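Structure record follows, encoded as structure tokens.
The structure is reproduced here in structure tokens:
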């Protein structure tokens, strides 16, 4: 009971700290975007067919002529009322734009995270239980290759092999598939294979190294030796005693990576034309669509803060030695 | 070329000795775009040609989906707000203008019943008005009839500055009135030889009155139809995700018989140009890809598969080199390249002449652009020899050396020429773009051989082309000696294009560097010629003045052309489509079809 109360207090305290930190983040983001060079209506200035009045009217309409602090204040008040702003470029609500992209992002990036975990945990554990064995060496080599090769390279290689040479998989991702029933799912799976593989392998490679070192740390501890000397089978020692402990830092790492699922993968989305949040962010940046950039980055910031808290709590729950104070 | 020569050319077209296409090309070479050239012919009694339709399908639909790949997807679908071609192209799936431009400057009626001419009474003799007869029996996608009220409404909508329509320039200086249910009259404030601007082409797409009437002026951004177009076009709106995908289905009541051929259309965005070319030419996942700014070498390799081909459509875009007439290295009253200064070395005409001889257009075409950038000297050589296609492009290092030597620019110990202590050292800027950096290198190398030292500078495109007043690296500030970028002649009237040579348009601090004259060239003679064109009613005389003005700028080596930048697209082998360099890529979408 005592612990429960303490931990509840801890969570509440952490939540309260989140408010000023999010405010701080939003001020920094807003100021950066406002001070950055570029103007969403730049294209108009260089277009001889558009008279300057139009640009002036637009700037006034979107409140771009107000001082920065006032624009920030308007933005904040609107946000508190659930209004994320209005895109200069697409002339629609930022929240609609983000929600349109969210399902694809969650599916593709989420699947790649799952793939990464599914690969990393067994490979990492197996490699650690037989350090410097042939398997370990191979796994290590592949892990190094995996996270040294940038996604744009592996993506192109996959496209060249599977789309162009073999003609098995499409390399343009389409969110709208006309088919229904099984064909619908099959088409979606087919077009997701390459982007998910590229991202999954990239993230999985780093995770393999992490899991391996974490398991290696634990496997030499006295309690493991004790467990073995009690005559418990090797398999049981690994799954019950080693992995459970060793995975604590891995869980934290994965939790901290979760915001990425939302913010998308800019490069990979660009290569496969996945209409995710990452590609929304990059096109909005290129066209100086600050409300959208602000919306996406701020949501990411919120998620990072929240998942940090979740990681903290998970950590304490998994490892009771860590006290909430 | 003077007026007499121009009339002679028109006479040749009339007599059938010169093809319409030949005339249009000749005009393009002197800075007059195809639409304006078409109007010159029309005013001289050469009717616009209506090329025989190549459309084969005998029934509507049945063609399956048409898949278009625009590597920058449309971000909005209201044609009056469409900034770039991507948005206009996307809007054009659903909306149509009264008439569209084809590649040779002919107008093709879309929502108009016929093209106005003097003969059919559409054009007034004094050039003060044009009367459009509308096609009858056309309905919007929601079933409401299309009438003159819609046309008048589009004018009211676009001309209101509070609407903030990007098309305002085409509508604010005209008056539009309804004559009857299917006739509208456009009246100009002053006699206007170039009448086909409002309601025509890229800025002429018409939106329905009944859905936008409540959203005129300041409320324009709230119109729900901004995101769900209801037009008259061949395809009806289905779904839109900005920057990603636009989809549409066949319009069963389209106003042209047996069209369109495809059951549905989708325009996918995102990615990059090379992979877009791949998706059409190599894997055939898509039928058509737009604006392939890709090196020709790569395109040729992709084409080898035989699944599709690259089509190259001439338009008005020219990559050109500008020489600063002011001093970019001295600051006067808080601005460099001030009108109060003179360039220390480039102000010597002999230096300019020599530099012009050092631009190796041919190599730039051969080694960099290939088919996607035919070498052009039109800015440089210009008029008197324009119609000779075998014009050898003059690249001559020895001659350049000779000119400089004679003018007193002597080589110093470092191999760089100097006179009166001023060295021939230039900074040459452009945006970051691989072909541009290669072009810079070719010019630098040649200049070195002539004792001119060129320092290359490349600026991120988003900065170079921005209008950021605080940034010294924008192309309008031109704080270097030389710069290079692509200029468009896409504007329907050459008037805007030619503003780059008049003194009052000089880009300065006072106009926040918004002036069109980037080189800041000050020439009373050029100003006088431009004033002449403003008062001139006869399109032929007017064109002659424009040509003279262009000529003057070229003889003074203010600018020089490097290569043309035609529209490059990829299409699958079976697809039949006409692309016009003077209108949207999708302007003729209703006539696209696939061979069975």
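Chains as they are written, first to last, in the numbering used here: chain V, 2 to 326; chain A, 21 to 616.
Heads up, the beta-carbon is just placed ideally off N, CA and C, and yes, glycines get one too.
Only a predicted model underlies this, so the values are computations on that prediction, with no experimental measurement involved.
Here the C-alpha atom of residue 168(V) lies approximately 59 Å from the C-alpha atom of residue 363(A).
Burial check for residue 186(A): the Cβ neighbour count within 10 Å reaches 16 or more, so the residue is buried.
If the five residues before and after residue 19(V) are omitted, its C-beta is found closer than 8 Å to the C-beta atoms of 306, 307 and 310, all from its own chain and listed in chain order. Cα atoms of residue 143(A) and residue 128(A): separation of roughly 16 Å, rounded to the nearest angstrom. Listed in chain order, the alpha helix (DSSP H) runs fully inside the stretch 66-143 of chain A are 105-111, counting runs of at least 4 residues. Of 365(A), 308(A) and 416(A), the smallest CA-CA separation from residue 428(A) is found for 365(A).
Looking at the backbone, the Cα of residue 119(V) and that of residue 201(V) are separated by about 9 Å.
In terms of CA proximity to residue 85(A), 284(A) leads the group 284(A), 195(A), 592(A) and 304(A). Within its own chain, the residues whose Cβ lies closer than 6 Å to the Cβ of residue 31(V), once the five positions on either side in sequence are excluded, are 73, listed in chain order.
Of all alpha-carbon atoms in 479(A), 616(A) and 190(A), the one lying nearest the alpha-carbon of residue 51(V) is that of 190(A). Between the beta-carbon of residue 156(A) and that of residue 202(A) there is about 5 Å, and that keeps the pair under the 8 Å contact cut. Taking C-beta atoms as the reference points, residue 95(V) and residue 83(V) fail to come closer than 8 Å. With fewer than 16 other Cβ atoms from the protein chains shown falling within 10 Å of its own Cβ, residue 140(A) counts as exposed. Only 181, 182, 183, 184, 185, 186, 187, 188, 189, 190 and 192 from the stretch 175-193 of chain A bring a Cβ to less than 9 Å from some Cβ of chain V.
Sequence-distant partners of residue 565(A) (beyond 5 residues in either direction) whose C-beta falls short of 6 Å from its own C-beta, in its chain, are 549, 552 and 553. Annotated three-state conformation of residue 342(A) is strand, per DSSP.
With fewer than 16 neighbouring CB atoms inside 10 Å of its own CB, residue 555(A) falls in the exposed class. Proximity of residue 168(V) to chain A, defined by a Cβ-Cβ separation below 8 Å, is satisfied. Judged by DSSP in its simplified three-state form, residue 430(A) adopts strand.
Residue 155(V): member of the alpha helix (DSSP H) spanning 152-159, first to last residue.
Note: residue 395(A) is bridge-paired with 583(A) in the DSSP secondary-structure output. Rounded to whole angstroms, residue 268(A) and residue 459(A) show a C-alpha spacing of 42 Å. Residue pairing by DSSP places residue 332(A) opposite 588(A) in a beta bridge.
Residue 54(V) belongs to the set of residues whose beta carbon lies under 8 Å from a beta carbon in chain A. The C-beta separation of residue 345(A) from residue 331(A) comes to about 39 Å, leaving the pair out of contact by the 8 Å criterion. A distance below 8 Å separates the beta carbons of residue 596(A) and residue 615(A). For residue 101(A), a Cβ of chain V is located within less than 8 Å of the residue's own Cβ.
Cβ-Cβ separation between residue 608(A) and residue 600(A): approximately 7 Å, consistent with a contact (criterion under 8 Å). Within the model, the alpha-carbon separation for residue 259(A) versus residue 91(V) is close to 14 Å. Residue 371(A) and residue 357(A) have their C-alpha atoms roughly 18 Å apart. The Cβ atoms of residue 121(A) and residue 28(A) do not sit closer than 8 Å to each other. Contact of residue 246(A) with chain V by beta-carbon distance below 7 Å involves 92. Chain V places a beta carbon closer than 8 Å to that of residue 263(A), counting this residue as a contact. Here residue 290(A) is near residue 93(A), since their CB atoms are less than 8 Å apart. For residue 256(V), same chain residues with a beta-carbon under 7 Å away, outside a window of 5 residues either side, are 308, 311, 312 and 315 in chain order. Nearest neighbour of residue 245(V) by Cα position, chosen from 212(V), 158(V) and 66(V), turns out to be 212(V).
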